[in-house]
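S.K.: Pasting in a structure now, in structure tokens, and then I'll have a few things to ask.
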Amino acid sequence: MQDNIQSSSYKQLEQKSKYTNMFLRWFLYFVLILFASYFIFPLYVMVVTSLKTMEEIRQGTLLSWPSGLNFDSWAVAWGGRGYGAGDTFLKPYFWNSIKMVVPAVFFSTLIGAMTGYVLTKWRFKGDSWVFLFLLFGCFIPFQAILLPMARTLGALGISNSIVGLVLVHTVYGIPFTTLFFRNYYVSVPTELVKAARIDGAGFFKIFFKILLPISAPIIVVTVIWQFTQIWNDFLFGSTFSFGEAAPIQVALNNMVLSSTSVKEYNVDMASAIIAGIPTLIVYVLAGKYFIRGLTSGAVKG
Amino acid sequence: MKTLKIEDLSKNFGSTEVLRKINLEIDEGNFLVLLGPSGCGKSTLLNIIAGLETINEGDVFIDDYNVSKVEPKDRNIAMVFQSYALYPSMNVRENMIFGLKQAKTSKEKIEQQLEKVSKFLQVDQLLERKPSQLSGGQRQRVAIGRALVREPRIFLFDEPLSNLDAKLRVEMRREIKKLHQQLKTTVVYVTHDQTEAMSLGTRIAIMNHGVIQQNDTPEMIYNKPSNTFVADFIGSPSMNLIKGNLKETSGEILFTASGSNFEIPIKDYEFKDKSNLNNKEVFFGLRPEHIFFKKSNDNDFEITLRADLSEYIGHEQIMTFDYANQEILAKFPSTIKIELAKETKLYFDLTQISLFNAQTQERI
Amino acid sequence: MFKWLEKNLPKIVMAPAVGLIGWFVYGFVLWTLYISFTNSKILPKYELWGFGQYEKLWASRKWLISVDNLLVFTALFLIFCIVIGIILAIFLDQKIRAEGVLRTIYLYPMALSFIVTGTAWKWILNPTLGIQKMFIDWGFENFTFDWLVNREMAIYTIVIAGVWQSAGFVMALFLAGLRSVEDEIVKAAKIDGAGLFTVYWRILLPMMRPVFFTSFVILVHISIKSYDLIVALTQGGPGISTTMPALFMTQAAFHKSQVGLSAASAMMMFMAVAAVIIPYLYSELRRENAR
Chain H
0 MQDNIQSSSY KQLEQKSKYT NMFLRWFLYF VLILFASYFI FPLYVMVVTS
50 LKTMEEIRQG TLLSWPSGLN FDSWAVAWGG RGYGAGDTFL KPYFWNSIKM
100 VVPAVFFSTL IGAMTGYVLT KWRFKGDSWV FLFLLFGCFI PFQAILLPMA
150 RTLGALGISN SIVGLVLVHT VYGIPFTTLF FRNYYVSVPT ELVKAARIDG
200 AGFFKIFFKI LLPISAPIIV VTVIWQFTQI WNDFLFGSTF SFGEAAPIQV
250 ALNNMVLSST SVKEYNVDMA SAIIAGIPTL IVYVLAGKYF IRGLTSGAVK
300 G
Chain S
0 MKTLKIEDLS KNFGSTEVLR KINLEIDEGN FLVLLGPSGC GKSTLLNIIA
50 GLETINEGDV FIDDYNVSKV EPKDRNIAMV FQSYALYPSM NVRENMIFGL
100 KQAKTSKEKI EQQLEKVSKF LQVDQLLERK PSQLSGGQRQ RVAIGRALVR
150 EPRIFLFDEP LSNLDAKLRV EMRREIKKLH QQLKTTVVYV THDQTEAMSL
200 GTRIAIMNHG VIQQNDTPEM IYNKPSNTFV ADFIGSPSMN LIKGNLKETS
250 GEILFTASGS NFEIPIKDYE FKDKSNLNNK EVFFGLRPEH IFFKKSNDND
300 FEITLRADLS EYIGHEQIMT FDYANQEILA KFPSTIKIEL AKETKLYFDL
350 TQISLFNAQT QERI
Chain U
0 MFKWLEKNLP KIVMAPAVGL IGWFVYGFVL WTLYISFTNS KILPKYELWG
50 FGQYEKLWAS RKWLISVDNL LVFTALFLIF CIVIGIILAI FLDQKIRAEG
100 VLRTIYLYPM ALSFIVTGTA WKWILNPTLG IQKMFIDWGF ENFTFDWLVN
150 REMAIYTIVI AGVWQSAGFV MALFLAGLRS VEDEIVKAAK IDGAGLFTVY
200 WRILLPMMRP VFFTSFVILV HISIKSYDLI VALTQGGPGI STTMPALFMT
250 QAAFHKSQVG LSAASAMMMF MAVAAVIIPY LYSELRRENA R
């Protein structure tokens with residue numbers, strides 16, 4: 000162990016590590032870029048295809064660049080052709096989704112925040128059981144509730160309506176929103192609440208004056224999460240609505256599946272992009288909150 | 000041949016200069032402590048010796064070989080970390096032999112080393128346990144064992160006692176000292192705790208702002224600090240520094256504190272430079288433990304000061320006196336009763352004083 | 000009266016959440032469970048019929064294909080997502096210059112809906128105009144890639160699209176896990192002479208056991224629930240070669256008017272999920288309470 004290493008082999012050690020390091024570095028970047036192409040590829044194809052004419056599509060390949068920036072398919076995807084019957088286009092369904100998402104995100108976030116608050120700052124016997132009780136809702140396969148929900152919506156007279164979808168999304172968002180807020184409030188020191196109670200503040204005052212002001216990060220995470228989940232939903236949308244009240248993902252699917260005469264792939268791609276843009280924008284702008292939601296929600300179980 | 004030599008070493012992180020032209024040498028078997036407040040660069044220096052940090056300028060030599068560009072594993076060093084850094088998914092045995100296995104040591108040698116070291120550190124009963132099943136003290140011993148099995152030329156310690164509670168810290172400090180006495184290994188040890196440094200080190204390098212303030216034995220650092228920073232950093236409470244002036248008249252040198260009339264004669268003091276002493280602005284340094292309430296020898300200077308505060312520590316008390324509107328602290332046994340707000344006779348042991356240039360803060 | 004209100008305010012505020020979940024989750028699941036024991040066809044009937052639906056279910060060829068597809072898909076989905084996720088996480092952990100950009104690229108698919116993903120991949124895998132044509136035009140004249148319409152291979156197209164969507168998520172989990180390891184451990188390993196590969200393989204990855212566990216549970220969960228992606232990519236076809244339990248359930252209820260059968264299939268899915276989730280939640284909560 001106490002070998003005297005010759006100074007020449009010290010030199011060799013220096014050089015060897017320099018070359019292997021360089022090689023490894025190049026290999027690293029190569030692999031990372033390879034995977035990046037796998038991930039970017041579909042987006043590129045979607046955009047490029049939506050800007051081509053059907054002629055160009057038939058003649059070229061997936062990767063080929065469009066000859067010009069042809070936004071016609073976008074216009075058709077959004078506003079249709081103006082034929083009337085049998086012509087689905089995204090505009091009304093886009094607004095349906097907006098009308099559905101906004102209230103659902105709001106209510107589920109509000110309820111989640113208050114429930115998380117109660118569970119962490121007003122402890123009582125059995126509160127972990129209540130949390131577990133609610134948490135379970137994150138995991139159930141929704142197939143187990145589709146049938147009774149369909150009947151209930153019918154009984155309430157709100158089947159095939161945006162209101163119905165708002166109800167569904169609010170309710171099934173509660174487990175997630177509660178999870179986020181509860182995990183966040185758990186790490187807020189209880190001393191804050193105790194000090195406020197000594198000062199005479201009551202239940203709601205503490206919530207609005209003390210907890211809410213420091214809740215910005217988790218509110219962002221929760222809103223982004225809920226927005227993405229609800230905007231991207233298809234199961235509930237397709238099961239509980241059809242026709243005019245449908246949300247955008249359902250409309251997208253219908254458009255793509257409809258086998259009217261000639262398939263217009265460029266319109267399909269444009270529609271897909273339009274349906275995906277809102278969540279994509281949110282992700283690009285607030286990505287790190289998105290990721291924080293994913294990892295914290297998941298890691299904490 | 001010096002076991003470790005550092006030549007003109009400089010290191011920056013971006014635009015911040017962390018280490019400035021560091022020069023250091025250690026002989027074999029020495030226990031060098033790098034001492035200083037946080038941010039002084041001591042941990043960076045340690046990491047550079049280990050090869051975990053790059054160098055901007057300068058060189059590091061181990062046994063006279065320039066190891067500045069050599070990988071940590073080839074430098075023949077071992078390190079004990081503040082958090083011990085034991086591998087959580089391996090048991091104690093695997094933790095300790097990991098380095099040996101990486102170096103492709105023969106199985107027999109590995110077993111031999113493991114047995115020797117684990118018995119020596121009394122962790123041989125713990126070999127099958129995982130780090131999470133060990134106490135803080137046990138973890139530390141395993142971390143030391145991991146370093147020991149590799150029989151390195153230099154042991155590096157990065158504040159290993161900082162995570163322990165006070166009592167355990169004192170215990171482990173003694174164990175480390177015993178270890179060093181038995182094994183006579185070369186050690187570089189980083190800490191911010193001056194008591195630790197003084198008790199463990201055979202040499203101490205005090206650092207501040209990336210510069211070594213003084214590199215000396217503990218006795219020299221304690222008795223003859225080379226600047227006011229060292230004087231203040233070492234000792235609890237630290238050395239009293241009284242501002243005043245020197246006067247040189249007919250071969251005699253006298254110190255007068257600002258705002259006071261007492262003239263203290265300076266005799267038998269080793270001046271570095273005896274020129275220009277007249278009217279020089281200085282700090283007069285004297286440790287609290289060198290102020291007495293009773294005359295102990297003839298050279299003691301008698302002075303009368305008013306007592307302002309007393310802090311009882313148990314076996315001793317720390318008293319604050321007013322010296323021409325400057326505070327001066329003294330340490331007395333707690334059995335002595337001194338009345339506050341009254342003038343008391345005190346005795347300065349003038350053989351223990353230090354004088355510092357008030358502008359440069361350097362020892363004169 | 001107000002005193003009582005004040006004292007019980009927390010419980011009252013919690014009531015909506017508990018009540019809604021109790022009814023819409025637990026209540027509904029129990030209802031579905033009940034119905035699975037009846038002979039309901041178009042409309043629910045409430046006389047118990049024993050295990051008849053379950054017998055019918057497991058005798059159904061379509062259901063057996065669904066389950067088989069689910070197992071194949073889950074296995075491949077898990078393996079590829081975890082392997083790719085780990086590789087990307089380890090590589091990104093190496094102080095890469097464009098880390099932020101690359102992370103965004105690997106993760107953005109998670110922001111898209113399964114319908115968008117399915118639509119895009121359906122086009123890419125188009126037998127005549129998609130990848131096949133691309134390679135042919137590049138000179139590989141005999142290249143075929145008609146997996147999408149091939150009964151044997153169609154299931155693998157779903158794997159390709161699913162992995163594309165979810166691998167980034169696994170990467171994010173592992174990257175977070177790797178980053179949470181204090182760097183003194185890596186320093187100690189370097190001093191011990193471990194090369195980069197050894198550091199990851201023998202030290203860091205073994206420390207990632209909880210992340211493996213979490214990824215596993217979440218991926219299995221996603222897999223069992225697969226519905227949107229199948230609908231968009233293959234509609235369960237060609238024929239019924241890519242049908243999955245979720246698809247079976249919907250079709251039985253809303254197209255085949257077999258409510259009881261559908262309920263039975265839903266309960267099977269429920270039990271599959273429970274089998275994975277319950278042990279996971281149990282160990283997680285125990286770990287949290289131990290702290």
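Read top to bottom, the protein sequences are chains H, S and U.
Numbered by numbering that gives the first Met the number 0, the letters in the first sequence go through residues 0 to 300 in order.
Numbered by numbering that gives the first Met the number 0, the letters in the second sequence go through residues 0 to 363 in order.
Numbered by numbering that gives the first Met the number 0, the letters in the third sequence go through residues 0 to 290 in order.
Virtual Cβ for every residue (Gly too), placed ideally from N, Cα, C.
Just by C-beta distance, which residues in the stretch 167-195 of chain U are closer than 7 Å to chain S?
M.R.: Under the 7 Å Cβ criterion, the stretch 167-195 of chain U contributes 181, 183, 184, 186, 187, 189, 190, 191, 192, 193.
S.K.: In the structure shown, what three-state DSSP assignment does residue 52 of chain U receive?
M.R.: Of the three classes helix, strand and coil, the one that applies to residue 52 of chain U here is helix, per DSSP.
S.K.: Are the beta-carbon atoms belonging to residue 24 of chain U and residue 269 of chain U less than 8 Å from one another?
M.R.: No, they are not a contact pair.
S.K.: Determine the direct distance from the alpha carbon of residue 279 of chain H to that of residue 145 of chain U, and round the result to whole angstroms.
M.R.: Rounded to whole angstroms, residue 145 of chain U to residue 279 of chain H spans 30 Å at the Cα level.
S.K.: Would you mind working out which of H/236, H/134, H/126, H/213 sits nearest residue 165 of chain H, comparing C-alpha positions?
M.R.: That would be H/236, whose Cα lies nearest to the Cα of residue 165 of chain H.
S.K.: Helix, strand or coil for residue 214 of chain S per DSSP?
M.R.: Residue state, collapsed to three classes: strand.
S.K.: Run through DSSP, which three-state label would residue 148 of chain S get?
M.R.: It is coil, neither helix nor strand.
S.K.: Among the residues of its own chain, which have a CB less than 8 Å from the CB of residue 170 of chain S, if the five just before and after it don't count?
M.R.: Closer than 8 Å at the Cβ level, and outside the excluded window around residue 170 of chain S, lie 136.
S.K.: Note down the Cα distance separating residue 239 of chain S from residue 286 of chain S, rounded to an integer number of angstroms.
M.R.: So the two alpha carbons sit approximately 6 Å from each other.
S.K.: Between the Cα of residue 69 of chain S and the Cα atoms of S/262, S/89, S/48, S/293, which residue gives the shortest distance?
M.R.: Selected option, being the one with the closest Cα: S/48.
S.K.: Quick one: which chain U residues come within Cβ less than 9 Å of residue 76 of chain S?
M.R.: Within chain U, the residues near residue 76 of chain S are 190.
S.K.: Quick one: any contact between the stretch 248-259 of chain U and the stretch 250-268 of chain H, if contact means 3 or more CB pairs under 8 Å?
M.R.: Judged by Cβ distances under 8 Å, the stretch 248-259 of chain U makes no contact with the stretch 250-268 of chain H, as fewer than three pairs qualify.
S.K.: Pairing CB atoms from the stretch 43-58 of chain U with CB atoms from the stretch 203-221 of chain H, are three or more of them under 8 Å?
M.R.: The answer is no - the stretch 203-221 of chain H does not touch the stretch 43-58 of chain U, with fewer than three Cβ pairs under 8 Å.
S.K.: So, using beta-carbon positions, are residue 61 of chain U and residue 215 of chain U closer together than 8 Å?
M.R.: Not closer than 8 Å, so no.
S.K.: Please confirm whether residue 98 of chain S has its beta-carbon closer than 8 Å to some beta-carbon of chain U.
M.R.: It does; some Cβ of chain U falls within 8 Å.
S.K.: Using a C-beta cutoff of 8 Å, does residue 220 of chain U count as contacting chain H?
M.R.: Taking Cβ atoms only, chain H reaches closer than 8 Å to residue 220 of chain U, which makes this a yes.
S.K.: Please report whether the beta-carbon of residue 233 of chain U lies at a distance below 8 Å from any beta-carbon of chain H.
M.R.: Closer than 8 Å: no.
S.K.: Hey, residue 354 of chain S and residue 268 of chain S are a contact pair by Cβ (cut 8 Å); roughly how many whole angstroms apart?
M.R.: Going by Cβ atoms, the distance from residue 354 of chain S to residue 268 of chain S rounds to 7 Å, so yes, they are a contact pair.
S.K.: Determine which residues of the stretch 45-57 of chain H have a Cβ less than 9 Å from any Cβ of chain U, and write them out in chain order.
M.R.: So the list reads 45, 48, 56, 57, given in the order they occur along the chain.
S.K.: Considering only C-alpha positions, which residue in the set S/323, S/350, S/325, S/319 is nearest to residue 338 of chain S?
M.R.: Of S/323, S/350, S/325, S/319, the residue nearest in Cα terms is S/319.
S.K.: For a contact defined as C-beta to C-beta under 8 Å, what are the partners of residue 51 of chain S on chain U?
M.R.: What residue 51 of chain S touches in chain U: 186, 189, 190.
S.K.: Closer than 6 Å by C-beta to residue 263 of chain S: which residues in its own chain qualify, once you throw out the five before and the five after it? Chain order, please.
M.R.: Closer than 6 Å at Cβ, skipping near neighbours: 254, 300.
S.K.: Rounded to whole angstroms, what is the Cα-Cα separation between residue 130 of chain H and residue 66 of chain H?
M.R.: Computed Cα separation, rounded: 57 Å.
S.K.: In angstroms, rounded to a whole number, what distance separates the CA positions of residue 230 of chain H and residue 145 of chain H?
M.R.: Spanning the two alpha carbons is a distance of roughly 19 Å.
S.K.: What are the boundary residues of the alpha helix (DSSP H) that residue 323 of chain U is part of?
M.R.: What is shown of chain U runs 0 to 290, which leaves residue 323 of chain U out entirely.
S.K.: Go ahead and label residue 31 of chain S buried or exposed: buried means 16 or more other beta carbons lie within 10 angstroms of its beta carbon, across all protein chains shown.
M.R.: Buried: at least 16 other Cβ atoms inside 10 Å.
S.K.: Could you work out which residue in U/86, U/98, U/160 is closest to residue 42 of chain H when comparing CA atoms only?
M.R.: Among U/86, U/98, U/160, the Cα nearest to that of residue 42 of chain H belongs to U/160.
S.K.: Buried or exposed: where does residue 281 of chain U fall if 16 or more other Cβ atoms within 10 Å of its Cβ makes it buried?
M.R.: So residue 281 of chain U counts as exposed.
S.K.: Closer than 8 Å by beta-carbon distance: list the chain S residues that pair up with residue 154 of chain U, in chain order.
M.R.: In chain order: nothing, as chain S lies at least about 36 Å away.
S.K.: Which of helix, strand or coil does DSSP assign to residue 15 of chain S?
M.R.: Three-state result, residue 15 of chain S: strand.
S.K.: Residue 12 of chain S versus chain U: which residues are under 9 Å apart at the beta carbon?
M.R.: Simply none; closest approach about 15 Å.
S.K.: Return the CA-CA distance between residue 253 of chain H and residue 87 of chain H, expressed in angstroms with no decimal places.
M.R.: Each residue's alpha carbon lies about 8 Å from the other.
S.K.: What residue range is occupied by the uninterrupted alpha helix (DSSP H) comprising residue 41 of chain S?
M.R.: That run of the alpha helix (DSSP H) goes 41-49.
S.K.: Along the chain, where does the beta strand (DSSP E) containing residue 330 of chain S start, and where does it finish?
M.R.: Its beta strand (DSSP E) spans residues 325-332.
S.K.: For residue 177 of chain H, count neighbouring Cβ atoms within 10 angstroms of its own Cβ and tell me buried if that reaches 16, exposed if not.
M.R.: Per the 10 Å Cβ criterion, buried.
S.K.: Counting only Cβ pairs nearer than 7 Å, list the residues of chain H close to residue 236 of chain U.
M.R.: Residues of chain H passing the Cβ test: none, with the nearest at roughly 12 Å.
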